[in-house]
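Student: Provided herewith is a single structure, encoded as structure tokens, for subsequent inquiry.
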Amino acid sequence: MIEADRLRKWYRVHRRPPGLRAAIHSLFRRTYEDVKAVDDISFSIAAGERVGFLGPNGAGKTTTLKVLSGLLHPTEGRVSVAGFTPHQRERGFLQQITLVMGQKQQLLWDLPPSETFLLNRAIYDIPRKQYDATLAELTELLDLGPLLGKPTRQLSLGERMKCELAVALLHRPRVLFLDEPTIGLDVSMQATVRGFVRAYNERFGASVLLTSHYMEDVAALCPRVMVIDKGRMIYDGGLSELVRRVRPDKRVRLRLSRQVERRDLEQLGTVIEHLDAEATVQVSQEALQAAVARALSSLPLTDLTVEDPPLEEVMRDLFAQGRAA
Amino acid sequence: MRRLLRTYAQFLRTGFASAVAYRAEFLIWMFSTNMPLVMLAIWAAAARSGPVAGYSQQGFAAYYLAALLVRLMTGAWVVWEMTMEIRQGTLALRLLRPVHPMLQWSADNLSAIPMRGIVALPVVGILLWVARAELAHDWFSWLLLCPALLGAWLLYFLVQAIIGTLGLRFESASSIFEAWLGFSNVLSGYLVPIDLFPRAVRELSLVLPFRFQLSYPVELMLGRWSRGEALSLLAAQWAYVAVFLVATRAVWRNGLRHYAAYGG
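In the order they appear, the protein sequences are chains A and B.
Just add 6 to the spot in the first sequence (first one is 1) and you have the working numbering.
Just add 397 to the spot in the second sequence (first one is 1) and you have the working numbering.
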């Protein structure tokens, strides 16, 4: 469904030092340099697949999404989405994709969301029956009922994002590019958006490419992740495989009926957290079984869980490893 | 084609709803189009002791009221909208839709006409009351006024679209439009009737596009041209429309290749 082959996107950027002198100098002579926003990446995403696209700020995620959605021409390489070359922006292509940017909105600011829905019905030439059915479905999934008639400017951020998602999916696209769709939303609204994206993907078999700085989004939605740093792909594979590879250690989380000495915990592994009735210990894969047995026999436990390290830490380590290499 | 017409009709409905949502601000903005009235005050004073270049006080009143009417009915603001959307990165969302953004921008501008009419109607009333004798008596001139007004609006819109599109390469082109506006205000007859310029400028204005944005429809209302002359000027106006349409398309295509879609 989505193919990128040796994709490169370079920008020509004007650089100048700060200060008045440099500003005057730049009036007459400008220095440009090429910034390699995306540098030789290749990947393929199947129909119905949900893929997380991760990387630090400025890694090239959004640039890649913009190339895939036809907003930018690639500098080099070949891109294909739903059988189309995106930058040719054919109607058939635009009918099949959507790009949701958490920091940009297509809702008409002074009019109720229902006006934007009608506008998109006309733009995408959606038959009346399909429009009514999709709108009813989206309204139910996202609980939009009370929001449709209020001016957009009077909606909360979370309510606006729900309407943004609905308006972006009204034409039932087969490819969803989601760029930080949960940014700024509270925890329960993030969960709503995640649940909705999953439901849409399962209902319509749409491919999803998601960028997010909230690792919960990725963990909840994407069995596969692609990691990009400084424009280059540094990982493409399963999320659990990534965690195993970068941080093979496990976290043993302990709930205790009374406080214990730190040295008792240190016998299990590296102590990450030590509170009155709670502790977290990091243990290698090999030592896990013995550590759990020891904890059960020697500590006043009320609960014990074994977890992977947080995805944020996995990513931090991955980028640090990449830079050190 | 039917699909396009349906889409355009919806654009017009949405544009009108937006104009109504902004009704107070919109009307205040309309009233800021008062330059012809200022110029009328100046020239009416100058003509108190006798006609200036053939314009009596009543002649100036007819000219500037007609100019105000044309400006009210042919207003466009797409260059500012494009500049803002390019700088804020929201143009990206418009480009993702399977309809050319120019169509929606044009509908947004056109759909404000009913609101503009609210301000324009009293001007028509005053024009008929104050300077009826100065207006064209030949129905043919009034017949040509409709395509002439549409042509004037298209020229104004397309020039803005071309200059706004330059922003795809240079991030902002509003200063280029300010420069164009300077020439346009003078050479279109907005500030001073073209008849008052030296002969060389008058002749130059016949081959430049500025006149067709304002002076030509005003001259039709004032019956300044014979039927033949009026028709050939209309043909010249629409030839400019065609040229600007082709230029808009070319500049847009080129601009999209260089669009950097900055922001977010």
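Backbone N, C-alpha and C define an ideal beta-carbon position, used for all residues, glycine too.
What is the DSSP secondary structure of A/H79, counted as helix, strand or coil?
Tutor: The DSSP-derived three-state label of A/H79 is coil.
Student: Is the separation between the beta-carbon of A/L317 and that of A/Y241 shorter than 8 Å?
Tutor: no
Student: Cutting at 8 Å between CB atoms, please list the residues of its own chain near B/T480, excluding the five before and the five after it.
Tutor: G561, G564, S569, A570, S571
Student: When you compare only the Cα positions, how much space is there between A/A212 and A/L182?
Tutor: 7 Å
Student: With 16 other CB atoms within 10 Å as the buried threshold, where does A/D45 fall?
Tutor: Flag for A/D45 reads buried.
Student: Could you check the C-alpha separation between B/R596 and B/S623 for me, to the nearest Å?
Tutor: Whole-angstrom Cα-Cα distance: 20 Å.
Student: Can you name the residues of chain A whose CB is closer than 7 Å to the CB of B/L492?
Tutor: L77
Student: Do we get a CB-CB distance below 8 Å when we pair A/K110 with the residues of chain B?
Tutor: yes
Student: Whole alpha helix (DSSP H) runs in the region 182 to 269 of chain A with 4 or more residues, listed along the chain?
Tutor: 193 to 210, 221 to 227, 245 to 252
Student: Using only alpha-carbon positions, find the residue among B/L524, B/Q454, B/A438 that is nearest to B/R445.
Tutor: B/Q454
Student: Along the region 124 to 150 of chain A, what residues have a CB closer than 7 Å to any CB found in chain B?
Tutor: Listed by position along the chain: L124, L125, A128, I129, Y130, D131.
Student: Please find out if some non-hydrogen atom of the ligand GDP comes closer than 7 Å to the beta-carbon of B/G451.
Tutor: Ligands in the displayed structure: none, and consequently the ligand GDP is not present.
Student: Measuring only the C-alpha atoms, how far is B/V417 from A/L216?
Tutor: 38 Å
Student: Determine, for A/R97, whether the minimum Cβ-Cβ distance to residues of chain B falls below 8 Å.
Tutor: Output row for A/R97: interface = yes.
Student: Exposed or buried, what is B/A647 when buried is set at 16 or more other beta-carbons lying within 10 Å of its beta-carbon?
Tutor: exposed
Student: Which word fits A/D223, buried or exposed, when buried means at least 16 other C-beta atoms lie within 10 angstroms of its C-beta?
Tutor: buried
Student: Contact criterion: CB-CB distance below 8 Å. Does B/V516 meet it with respect to chain A?
Tutor: no
Student: Which residue's Cα is closest to the Cα of A/G243: A/L161, A/P315, A/S48?
Tutor: A/S48
Student: Run through chain B and tell me which residues come within less than 9 Å of A/E121, C-beta to C-beta.
Tutor: R410, T411, A414, S415
Student: Give a yes or no on whether 8 Å exceeds the smallest Cβ distance from A/D45 to chain B.
Tutor: no
Student: Using the beta-carbon of each residue, which ones in chain B are nearer than 9 Å to A/Q101?
Tutor: P495
Student: So that I know if they touch, is there some Cβ in chain B lying closer than 8 Å to that of A/L114?
Tutor: yes
Student: With respect to the alpha helix (DSSP H) encompassing A/Y17, which residues constitute its N-terminal and C-terminal limits?
Tutor: Premise fails: A/Y17 lies in the beta strand (DSSP E), 8 to 21, not in any alpha helix (DSSP H).
Student: With burial defined as no fewer than 16 other Cβ atoms inside 10 Å of the residue's Cβ, what is the status of B/M398: buried or exposed?
Tutor: exposed
Student: Name the residue from B/L540, B/W536, B/E482, B/R468 whose alpha carbon lies nearest to the alpha carbon of B/V520.
Tutor: Of the listed residues, the one whose Cα sits closest to B/V520 is B/R468.
Student: Against chain A, does B/G561 count as a neighbour if the rule is that its beta carbon must be under 8 Å from one of theirs?
Tutor: no
Student: Quick check on A/Q117 - is its C-beta less than 8 Å from some C-beta in chain B?
Tutor: One detail in the question is off: residue 117 of chain A reads as Leu in this sequence, not Gln. A/L117 counts as touching chain B.
Student: Under a three-way DSSP split, which group does B/G661 fall into?
Tutor: Low per-residue confidence applies at B/G661: pLDDT is 46, beneath 50, and the placement is therefore not dependable, though the value from the model is reported in the following sentence. Coil, per DSSP.
Student: Quick one: which unbroken alpha helix (DSSP H) runs of 4-plus residues sit fully inside the region 589 to 618 of chain B? Chain order, please.
Tutor: 596 to 604, 607 to 610, 612 to 618
Student: As a quick exercise: from B/R484, B/P448, B/N506, pick the residue whose alpha carbon is nearest that of B/V475.
Tutor: Checked all of B/R484, B/P448, B/N506; the closest Cα to B/V475 is B/N506.
Student: Short check: CB of B/L490 to CB of A/K110, under 8 Å?
Tutor: yes
Student: Check the Cβ-Cβ distances between A/L281 and every residue of chain B, and say whether any is below 8 Å.
Tutor: no
Student: For the structure I just gave you, are there three or more beta carbon pairs, one from the region 122 to 141 of chain A and one from the region 171 to 181 of chain A, closer than 8 Å?
Tutor: Contact holds: three or more Cβ-Cβ distances are below 8 Å.
Student: For A/R180, tell me which candidate among A/L150, A/V266, A/T122, A/G54 has the shortest Cα-Cα distance.
Tutor: Checking every option, the nearest Cα to that of A/R180 belongs to A/G54.
Student: Can you tell me whether B/I573 is helix, strand or coil according to DSSP?
Tutor: helix
Student: Is the Cβ-Cβ distance between A/G61 and A/D235 less than 8 Å?
Tutor: yes
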